[in-house]
Amino acid sequence: MLKSRRKFIKNILSISTYGLTIASGFLHSAWANILWQKESFSPRTYEGTLSHLFKDVEFIDSKKIKFKRLPRVAENGAVVPITITSTLENIDKISILVEKNPHPLIAEFYLSAAVEPIISARLKMAETSNVIAIIEAEGKYYRNSRKVVVAVGGCGG
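In the numbering used here, the protein residues as written are 121 to 277.
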């Protein structure tokens, strides 16, 4: 009887603590909502995304941006692995775009000077398209791209 009573009290305390945690907002994704930049992911064209994110910026084509893991032919557009590295100094941000996707901006990574600029992700690609990496470093914008042929669609519509 004593063990079941202890178990009952333990469960009640756990449920109460969980309820208070939810009620107080500790488990709420407020920070994610604050940091979510809906406008950046809203444009439905590549040109619209570029003009929204980068205004009238001049891009410098750079081979210092490397696609380490991005297949030239993706068997399935729903899961396309990508790894981007760079030898550029003082990188502030890396943006990944897919030119022909319904929402071209895939991700933005904000980096500090203390980290090595290597990012990995998995993309969804609607169709064969150019994958573009744009790096902001020391107030300049560098760009490199690679065409990826998609054999089976991933995110149409």
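Glycine included, every Cβ here is placed at the ideal spot set by N, Cα and C.
Going by C-alpha positions, E256 is about 9 Å away from N210. In the same chain as I252, and ignoring 5 residues on each side of it, the C-beta atoms closer than 6 Å to its own belong to L217, S265, in chain order. The continuous stretches of beta strand (DSSP E) do not include T165, and DSSP gives it neither H nor E. In the three-state reduction of the DSSP assignment, S232 falls in the coil class. Within the segment 166 to 193, complete alpha helix (DSSP H) segments of at least 4 residues are found at 166 to 174, given in chain order.
Taking C-beta atoms as the reference points, I202 and L170 fail to come closer than 7 Å. In the three-state DSSP reduction, K130 falls in the helix class (H, G or I). When secondary structure is reduced to three states using DSSP, T207 falls in the coil class, being assigned neither helix nor strand.
Minimum Cα-Cα distance from S249 among the listed residues L231, D176, A241, V268 corresponds to V268. Exposed is the label assigned to I129, since fewer than 16 other Cβ atoms lie within 10 Å of its Cβ. In this structure, the CA atom of A271 is about 37 Å from the CA atom of S232.
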